[in-house]
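Reviewing the structure listed below.
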Amino acid sequence: MGDVFIGLDAGSSVCKAGVFDLRGRCIAVASEATPLARRPGGRVEADPARAWAAACAVLRRASGGLPADARIAGLGVSGAMVGAWVVDADGHATGPGINWEDARAEGLIHRIEADGPGTLAEIFATSGSALQQGCTLPVLAVLAREEPERLARAAAVIGYKDWLRARLTGTVATDASEAAVAPGDARSQGRSAAMIDLFGLRAHAHLLPDPLPSAAVAGHVTAEAAAATGLPAGLPVATGAGDVIANVIGAGGLRPGAVTGLLGTTCMVGRTLDAPSFTPQGVGLLFSLPERMWFRAMVNVAGTLNLDWALALLCPDLADRPDRFARVAEMAAAVPVGALGVTYLPYLSESGIIAPVADAAARAQFAGLAPSHDRAALMRAVFEGVAFSIADLCDLLGGAGAITLTGGGARSALWREMIAEVTGREVCVPEGAEFGARGAAMLAAVAVGGFPGLAEATAALPGHAERTRPSGERASAWAEARARYAGARDRALGTGAEEACESKLV
30 MGDVFIGLDA GSSVCKAGVF DLRGRCIAVA SEATPLARRP GGRVEADPAR
80 AWAAACAVLR RASGGLPADA RIAGLGVSGA MVGAWVVDAD GHATGPGINW
130 EDARAEGLIH RIEADGPGTL AEIFATSGSA LQQGCTLPVL AVLAREEPER
180 LARAAAVIGY KDWLRARLTG TVATDASEAA VAPGDARSQG RSAAMIDLFG
230 LRAHAHLLPD PLPSAAVAGH VTAEAAAATG LPAGLPVATG AGDVIANVIG
280 AGGLRPGAVT GLLGTTCMVG RTLDAPSFTP QGVGLLFSLP ERMWFRAMVN
330 VAGTLNLDWA LALLCPDLAD RPDRFARVAE MAAAVPVGAL GVTYLPYLSE
380 SGIIAPVADA AARAQFAGLA PSHDRAALMR AVFEGVAFSI ADLCDLLGGA
430 GAITLTGGGA RSALWREMIA EVTGREVCVP EGAEFGARGA AMLAAVAVGG
480 FPGLAEATAA LPGHAERTRP SGERASAWAE ARARYAGARD RALGTGAEEA
530 CESKLV
């Protein structure tokens, strides 16, 4: 078997650990639910004790049954990005972890917007990203005002994955993927003193660690963490990267021009670039990838979350069945294209959307309901609404080329077919699974010398397992359904969305 590498991928609602060989083949995987607490005032928080227990459990289970000839050579970490984990000198959280969906900075963002477009334009011109209320700097600014005693006890403010690494190694660090969207400086792929000053955080700048390379060894598993996780003490731990970046790496998207989509809890489509791009202006996100590459992403924010919500609300009789997603897909597939006139806007997030326009107040909704509609029509509308939102993102992104689709939604043949039809692009699903964990594991492999660089690491990954090409059938029905969707979208979001998107098949 030889050397194997572990990727720890801590998402907003699930923590996963995967063990991979040097060809990116998954040998073992384990997962544990980590539900978030949603509190008054838009607070969305993680319980540190539960998050650490979940990480320990999945690491122990994934590594516990390996063949005798497998040697764990490194660990990489990935996790839900931005938000804030405030830690003390020992790396322990001083309170709940603040998730990227958290809305406590909404009032601050409104005040920035009220100052006029200049400030938002300055933030975008530096970071390449639309400002989200859950970003680290606005959250930190609110903490400085509302919980100064908490920051007085703090040694650092870091991301989720960075907190987990601190617990594993006893050392605090971060990487460029987090620093550059804090917001930071997309061009230098690091912190921005101007952004820190803009949010009035100069006195707290020391809490924001300088970034290390994602594929560097940032520490080693301590004896205490080894006892908790079952990992060998002294195991090298790579700095790692945010979940979006790890997913791009694990899906083989670390090459200029590659288009990678994520249909998980979050929904986004982006293109890998060898130079930063700031167009279209004011929308989307510009992520920093390792080895001086960038990922220009258009983000709806809510993806499979829409299906989870609709299934629980409309199909409670299926909610506990192991085949619930297959059953609801069969139900939706039996309804004609256009969902019998029902339209669904999939903006089901506390933080709104950041494409096709940036609108923190955007919310999900059904339109066109009539007494004759049943739950099958509504479920069909949910599937279609997410597919249409992806088409909007592709319109904004521009260009052509196949979409490499990852995330739990990529396993749905119905969704793949819909996305292919409404975007006019081939939809490809990479061979393998747990691409975020695989990307983190590949970062660990590079960090310990398994590959000379990430280009070589990703070149070794398997190809595509599924390819869905647009058939062009029922084109007029799809065009009519998307036109209805665009009308509902524009009424909900205003003329900015109409200007940003072409309300047609591409």
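The number in this note's numbering is simply the position in the sequence shown, starting from 1, with 29 added. Just so you know, even glycine gets a beta-carbon here, dropped at the ideal spot from N, CA and C. Here the structure is a predicted model, which means the values were calculated and not measured.
- request: State whether the region 195-204 contacts the region 276-284, with contact taken as three or more CB pairs (one from each stretch) at a distance under 8 Å.
  value: Segments in contact, no.
- request: Under 8 Å by Cβ, that's how I've got L472 and I278 pegged, so tell me the actual separation to the nearest angstrom.
  value: Looking up residue 472 in the sequence shown gives position 443. Looking up residue 278 in the sequence shown gives position 249. Indeed, because the Cβ distance is near 7 Å, the residues count as touching under 8 Å.
query: Which two residues bound the contiguous alpha helix (DSSP H) that contains W507?
result: As a first step, residue 507 is located in the sequence shown; it is residue number 478 there, counting from the start. Residues 504-522.
query: Grouping DSSP H, G and I as helix and E and B as strand, with all else coil, what is S60?
result: Working through the sequence shown from its first residue, we reach residue 60 at position 31. Secondary structure at S60: strand, using DSSP grouped into helix, strand and coil.
- prompt: So E413 and C457 are in contact, right, with Cβ under 8 Å, and what is the actual spacing, rounded?
  reply: As a working mapping, residue 413 is identified with position 384 in the sequence shown. As a working mapping, residue 457 is identified with position 428 in the sequence shown. So it is not a contact: roughly 21 Å between Cβ atoms.
- prompt: Between the beta-carbon of A78 and the beta-carbon of L65, is there less than 8 Å?
  reply: If you number the sequence shown from 1, residue 78 lands on position 49. If you number the sequence shown from 1, residue 65 lands on position 36. Not a contact, by the Cβ cut-off of 8 Å.
query: Three or more C-beta pairs closer than 8 Å, one from the region 142-157 and one from the region 233-247: is that the case here?
result: Output reads no: the region 233-247 does not touch the region 142-157.
Contact the region 421-431 vs the region 263-280: 3+ CB pairs below 8 Å: The region 421-431, when compared against the region 263-280, does not touch it at the 8 Å Cβ threshold.
Between the CA atoms of L291 and A154 - distance to the nearest angstrom: For the purposes of this step, residue 154 is taken as the residue at position 125 of the sequence shown. For the purposes of this step, residue 291 is taken as the residue at position 262 of the sequence shown. Taking the straight line joining both Cα atoms gives about 25 Å.
field: Assigned exposure category for H233 - 16 Cβ within 10 Å defines buried
entry: Taking the first residue of the sequence shown as 1, we reach residue 233 at position 204. So H233 counts as buried.
Where V273 sits in the DSSP three-state scheme: By one-based count along the sequence shown, residue 273 stands at place 244. Helix at V273.
query: Between V111 and G124, which are expected to be in contact by the criterion C-beta below 8 Å, what is the C-beta distance as a whole number of angstroms?
result: For the purposes of this step, residue 111 is taken as the residue at position 82 of the sequence shown. For the purposes of this step, residue 124 is taken as the residue at position 95 of the sequence shown. That belief does not hold up - the Cβ atoms of V111 and G124 are roughly 17 Å apart, past 8 Å.
message: Is it the case that the region 472-485 contacts the region 437-450, given that we only count it when at least three CB pairs across the two stretches are under 8 Å?
response: The answer is no - the region 472-485 does not touch the region 437-450, with fewer than three Cβ pairs under 8 Å.
query: Sorted by chain position, which residues of the same chain lie with C-beta nearer than 8 Å to A304's C-beta, five sequence neighbours on each side aside?
result: The residue given as residue 304 occupies position 275 in the sequence shown. Here A304 has W323 as same chain residues with Cβ atoms under 8 Å from its own Cβ, once five neighbours each way along the sequence are excluded.
Cβ-based burial, Q161 [other Cβ within 10 Å; buried from 16]: The residue given as residue 161 occupies position 132 in the sequence shown. That one is buried.
field: Rounded straight-line distance, which links the Cα of V33 to that of D98
entry: Sequence index remark: in the sequence shown, residue 98 carries index 69 (1-based). Sequence index remark: in the sequence shown, residue 33 carries index 4 (1-based). One alpha carbon belongs to D98, the other to V33, and they sit about 10 Å apart.
- request: Give, in chain order, every unbroken run of the beta strand (DSSP E) that is at least 3 residues long and sits entirely within the region 211-252.
  value: 246-249, all fully within the region 211-252.
message: Do L172 and R179 count as a contact pair if the criterion is CB distance below 8 Å?
response: Residue 179 sits at position 150 when you count from the first residue of the sequence shown. Residue 172 sits at position 143 when you count from the first residue of the sequence shown. Contact flag set, yes.
Secondary structure, alpha helix (DSSP H): runs of 4+ residues fully inside the region 426-514: DSSP runs (the alpha helix (DSSP H)) wholly in the region 426-514: 442-452, 464-476, 483-488.
query: Of the choices S505, L377, A389, whose alpha-carbon is the least far from that of L14?
result: With the chain running from 30 to 535 in the structure shown, residue 14 is simply not present.
field: Spatial neighbours of T268 in its chain, beta-carbon cut-off 7 Å, leaving aside the 5 residues before and after
entry: Within the sequence shown, residue 268 is the residue found at index 239, counting from 1. Cβ neighbours of T268 beyond the five flanking positions: A202, D204, L241, P242, S243, A245, A247.
query: Cβ atoms of F49 and R467: under 8 Å apart, would you say?
result: To locate residue 467, count along the sequence shown from 1; it is residue 438. To locate residue 49, count along the sequence shown from 1; it is residue 20. Cβ distance < 8 Å, so R467 and F49 count as in contact.
query: Count the other CB atoms within 10 Å of the CB of R511; is the residue buried (16 or more) or exposed (fewer)?
result: Here residue 511 refers to the residue found at position 482 when the sequence shown is read from its first residue. Residue burial is scored here from C-beta neighbours: R511 has at least 16 other C-beta atoms within 10 angstroms and is therefore classed as buried.
Validate contact between the region 310-321 and the region 503-523 using beta carbons, cut 8 Å, 3 pairs: Segments in contact, no.
task: Go to F153, then tell me how far its alpha helix (DSSP H) extends in each direction, as first and last residue.
output: Residue 153 sits at position 124 when you count from the first residue of the sequence shown. Boundaries of the alpha helix (DSSP H) harbouring F153: 146-156, taken from the DSSP string.
- request: Can you give me the start and stop residues for the beta strand (DSSP E) that F316 sits inside?
  value: For the purposes of this step, residue 316 is identified with residue 287 of the sequence shown, where counting begins at 1. Its beta strand (DSSP E) spans residues 314-318.
message: Alpha carbons only, please: which of V475, E455, A462, G465 is nearest the one belonging to G501?
response: Taking the first residue of the sequence shown as position 1, residue 501 is located at position 472. Closest in C-alpha terms to G501, from the list V475, E455, A462, G465, comes E455.
query: If you draw a straight line from the alpha carbon of L51 to that of A84, how long is it in whole angstroms?
result: Residue numbering aside, residue 51 sits at position 22 when the sequence shown is read from its first letter. Residue numbering aside, residue 84 sits at position 55 when the sequence shown is read from its first letter. L51 and A84: Cα-Cα distance of roughly 23 Å.
query: Are the beta-carbon atoms belonging to A488 and A474 less than 8 Å from one another?
result: Locating residue 488 in the sequence shown gives position 459, where the first residue counts as 1. Locating residue 474 in the sequence shown gives position 445, where the first residue counts as 1. The answer is no: Cβ separation not under 8 Å.
query: Looking only at DSSP bridge pairs, what is G124 linked to?
result: For this step, residue 124 is matched to residue 95 along the sequence shown. G124 pairs with nothing; no bridge assigned.
query: Start and end of the beta strand (DSSP E) containing R10?
result: Look at the range of the chain in this structure, 30 to 535, and you will see that residue 10 is not part of it.
message: Could you tell me which whole alpha helix (DSSP H) segments of length 4 or greater appear in the region 45-111?
response: Listed in chain order, they are 77-93.
query: If you follow the beta strand (DSSP E) that F307 is part of, which residue opens it and which one closes it?
result: Along the sequence shown, one-based indexing puts residue 307 at 278. Premise fails: F307 is in no beta strand (DSSP E) and is neither H nor E.
query: If you drop the 5 nearest sequence neighbours on each side, which residues of the same chain put their C-beta closer than 8 Å to that of H493?
result: As a first step, residue 493 must be located in the sequence shown, where it is residue number 464. Sequence-distant partners of H493 (beyond 5 residues in either direction) whose C-beta falls short of 8 Å from its own C-beta, in its chain, are T433, C457, V458, P459, E460.
query: Are the beta-carbon atoms belonging to V411 and N335 less than 8 Å from one another?
result: Residue numbering aside, residue 411 sits at position 382 when the sequence shown is read from its first letter. Residue numbering aside, residue 335 sits at position 306 when the sequence shown is read from its first letter. Cβ atoms of V411 and N335: closer than 8 Å.
query: Are L193 and A62 touching if we call contact CB-CB under 8 Å?
result: Locating residue 193 in the sequence shown gives position 164, where the first residue counts as 1. Locating residue 62 in the sequence shown gives position 33, where the first residue counts as 1. Contact check for L193 against A62 fails: the beta carbons are separated by 8 Å or more.
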